[in-house]
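Residue numbers (UniProt numbering), protein chains in the order written: chain A, 1 to 286; chain B, 1 to 286.
Notes follow the structure.
Number of protein chains: 2
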Amino acid sequence: MIIGAIEAGGTKFVCGIGNEDGVITERVSIPTTTPEETLAEVAAFFKDKQVDALGVGSFGPVDLDESSSTYGFITSTPKPHWNNFDLVGELKKHFDVPIGFDTDVNAAALGESLWGAAKGLDSCLYMTVGTGIGVGALVEGKLIHGLTHPEMGHIMVRRHEEDSFDGRCPFHGDCLEGLAAGPAIEDRWGKKGQELVDSPKVWELEAYYLAQAIANYVLILSPKKVIVGGGVMKQAQLYPLVREKVKEILGGYVQSEQILEKMDEYIVPPGLGDNAGLAGAIGLVK
Amino acid sequence: MIIGAIEAGGTKFVCGIGNEDGVITERVSIPTTTPEETLAEVAAFFKDKQVDALGVGSFGPVDLDESSSTYGFITSTPKPHWNNFDLVGELKKHFDVPIGFDTDVNAAALGESLWGAAKGLDSCLYMTVGTGIGVGALVEGKLIHGLTHPEMGHIMVRRHEEDSFDGRCPFHGDCLEGLAAGPAIEDRWGKKGQELVDSPKVWELEAYYLAQAIANYVLILSPKKVIVGGGVMKQAQLYPLVREKVKEILGGYVQSEQILEKMDEYIVPPGLGDNAGLAGAIGLVK
Ligand SMILES: Nc1ncnc2c1ncn2[C@@H]1O[C@H](COP(=O)(O)OP(=O)(O)O)[C@@H](O)[C@H]1O
Ligand SMILES: Nc1ncnc2c1ncn2[C@@H]1O[C@H](COP(=O)(O)OP(=O)(O)O)[C@@H](O)[C@H]1O
Ligand SMILES: [Zn+2]
Ligand SMILES: [Zn+2]
Chain A
1 MIIGAIEAGG TKFVCGIGNE DGVITERVSI PTTTPEETLA EVAAFFKDKQ
51 VDALGVGSFG PVDLDESSST YGFITSTPKP HWNNFDLVGE LKKHFDVPIG
101 FDTDVNAAAL GESLWGAAKG LDSCLYMTVG TGIGVGALVE GKLIHGLTHP
151 EMGHIMVRRH EEDSFDGRCP FHGDCLEGLA AGPAIEDRWG KKGQELVDSP
201 KVWELEAYYL AQAIANYVLI LSPKKVIVGG GVMKQAQLYP LVREKVKEIL
251 GGYVQSEQIL EKMDEYIVPP GLGDNAGLAG AIGLVK
Chain B
1 MIIGAIEAGG TKFVCGIGNE DGVITERVSI PTTTPEETLA EVAAFFKDKQ
51 VDALGVGSFG PVDLDESSST YGFITSTPKP HWNNFDLVGE LKKHFDVPIG
101 FDTDVNAAAL GESLWGAAKG LDSCLYMTVG TGIGVGALVE GKLIHGLTHP
151 EMGHIMVRRH EEDSFDGRCP FHGDCLEGLA AGPAIEDRWG KKGQELVDSP
201 KVWELEAYYL AQAIANYVLI LSPKKVIVGG GVMKQAQLYP LVREKVKEIL
251 GGYVQSEQIL EKMDEYIVPP GLGDNAGLAG AIGLVK
């Protein structure tokens, strides 16, 4: 089976060809400009590839309700040109094959559960801390949708007592994303994260917020594995800081070996690295 | 089909007889003393009822992992005598029928989705605000288990600026339950909730905490209905306060008609009233 995979992001569309084992044999990156331009390039890439199916993990918000008239749309994004764009519909015009569709982070969670750090588990969480904070989750073997789809990056967290930064989420100010995504680090400290390697306070605060969020996810979803990636997590010192803080916040309440003794194997980087999203898109249709 | 249902609580075991439509024809309440005493009474009640199956929704924490050697146990409860008690095993000794087992609040969520406020939906949240705060959830048609099971009552919330109460959760101090369950209200104000009807500040604070938690649940689980019950919610003025506050916290980010326009139908009391748990226990085996 030849599977086409698309990781549709706000900066770039990564397109790839793979098979049902998640092996990716080709990949290209197409800049996200206007829907017309970008989709024309996407269509051109897949044109002669004879894909049997197409899996799409997309930036959001998206409509995942198959009974809805706007199923497959990118809905209320502030991104110019992309508001209410019928992504699945546009792909259908070009390719008469089954199309799987979900959020980018749900796809990545699925990819990690099939071939990555959560291989064989029916439950995991995938979190990316980059330009924004996005989280997808597999629960009881299924990706969570629901009323819309989770937007876990925007939960409210308790402020660190030494943090006077206002937060920069346009919707909530100081929600998790507003306080802890890459641009928040840059606004708070006046430098990008990659230039703050030697400032321990930066990573103490960052770990405090990420750990709070992860503790809440653990209490609410009880995932069997927590996978955290994205640009900000290139600061690998964050992993031990986050693990310790999650343990501290949970206070021994969740009586699980994973949390009490094997935290190093519980909160981990993506097993598939930067391929989680693309592999996950394959997983949506395999 | 004759179905036996047990709502195993820390104060009482409610036992009932019902059918696969969730109709309950008999119910008794047995005090929770020691496992020996209580289970003897439970067994006596069901003895001549010729049940075809038994559904049990239990206080926790419980082990829900069917592959575990302690499946069906009440595990690390601080409740004297009940620590590591093999509840399902004990019932099996008396009744050679299929036994369904889950948390009390998961069962209630299921009951509400089958016959109550979330009827016909494949996703809902059931929250009880009483002596503790317990929450169960149905997601994509399944009750969430995972690593252990959710303990959503213990998430961290942001403190209200006028609240100097320490919180009373033995594990976390000022987690949600520590700040907002019935006993926290009593400790903070020196009177039980039922005697504080005319103190608007009490309910403003209470709504602030409950709304924060619900906003987080919505962002993380995207439930199609949020059902809130329990002793504290007898203060019906809480519902509009909580609804308004949830909307405010979400800040227009979750673009769903339910949240933007139909909040009165989105956050609601249990449709089954006090029968949610027992009906849900039936649902576990029907
Ligand atoms: N090595 C690094 N250390 C800290 N922050 C980084 C590092 N690399 C990238 N970032 C931050 O991560 C963000 C970009 O995230 P990334 O995951 O690469 O992209 P996106 O989220 O747009 O897909 C930027 O805010 C950037 O400053
Ligand atoms: N009418 C009421 N108004 C406010 N609080 C109440 C009311 N009735 C009960 N409560 C509080 O709810 C808690 C008991 O919760 P309940 O749901 O009845 O029992 P449980 O959680 O033990 O099953 C107590 O803390 C009590 O003070
Ligand atoms: Zn936000
Ligand atoms: Zn607690």
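Where is the CB? At the ideal position from N, CA and C, for every residue including glycine.
Contact annotation: in the segment 207-219 of chain A, residues whose CB is within less than 7 Å of a CB in chain B are Q212, A215, N216, Y217 and L219. In chain order, T148 and E151 make up the part of chain B whose C-beta sits under 7 Å from the C-beta of A:V254.
In its chain, beyond the 5 residues on either side, A215 have a beta carbon closer than 6 Å to the beta carbon of B:L250. Of the residues assessed, A:Q50 falls on the exposed side of the cut-off, its CB having fewer than 16 other CB atoms within 10 angstroms.
At a C-beta separation below 9 Å, B:T75 has these neighbours in chain A: Q255. In this structure A:G22 touches A:I282 by the C-beta definition: roughly 6 Å separates them, less than 8 Å.
DSSP, reduced to helix, strand and coil, places A:V139 within a strand of the structure shown. Excluding the 5 residues flanking it on each side, B:V197 has same chain C-beta neighbours closer than 8 Å at Q235, in chain order.
A:A180 and A:Y209 do touch by the CB rule: their CB atoms are close to 4 Å apart, below 8 Å.
Collapsing the DSSP output to three states places B:R243 in a helix.
Within the DSSP bridge table, the entry for B:T128 names B:G134 and B:G229 as partners. Distance from the CA of A:P183 to the CA of A:E261, rounded to the nearest whole angstrom, comes to 34 Å.
Between A:V139 and chain B, the shortest Cβ-Cβ separation is below 7 Å. Within 9 Å of the CB of B:R158, the CB atoms of chain A belong to M156, V157, R158 and R159, in sequence order along the chain. In terms of CA proximity to B:G89, B:D63 leads the group B:I155, B:D63 and B:N106.
Looking at the DSSP output, B:K12 shares a beta bridge with B:P31. What B:I144 touches in chain A, judged by beta-carbon distance under 8 Å, is V139, E140, L221 and S222, going in chain order. A:D102 and A:L284 do touch by the CB rule: their CB atoms are close to 6 Å apart, below 8 Å.
The continuous stretches of beta strand (DSSP E) do not include A:I144, and DSSP gives it neither H nor E. What you get when you keep residues with a C-beta closer than 6 Å to any heavy atom of ligand 3 is A:H154, A:C169, A:F171, A:H172, A:C175, A:E177 and A:G178. Residue pairing for A:V218: DSSP places it in no beta bridge.
Leaving aside the five residues that flank B:L110 on each side, the residues in its chain whose CB is nearer than 7 Å to its CB run, in chain order, L138, L143, G280, G283 and L284.
For B:P183, no chain A residue has a Cβ inside 7 Å of its Cβ, as the nearest lies near 17 Å away.
Cβ-Cβ separation between A:T75 and B:Q255: approximately 6 Å, consistent with a contact (criterion under 8 Å). When B:E162, B:L121, B:I17 and B:L125 are compared, the shortest CA-CA separation from B:I220 is found for B:L125.
The Cβ of A:G251 sits closer than 7 Å to at least one Cβ of chain B.
Residues of the same chain with a CB within less than 7 Å of the CB of A:K79, apart from the 5 flanking positions on each side, are G10 in chain order.
Not a single CB atom of chain B sits nearer than 7 Å to the CB of A:F101. Of all residues in the segment 59-71 of chain A, only P61 place a beta-carbon less than 7 Å from a beta-carbon of chain B.
Contact of B:S123 with chain A by beta-carbon distance below 9 Å involves I144, H145, G146 and L147. Looking only at A:Y253, A:K224 and A:V56, the smallest Cα-Cα distance to A:A117 is reached by A:K224.
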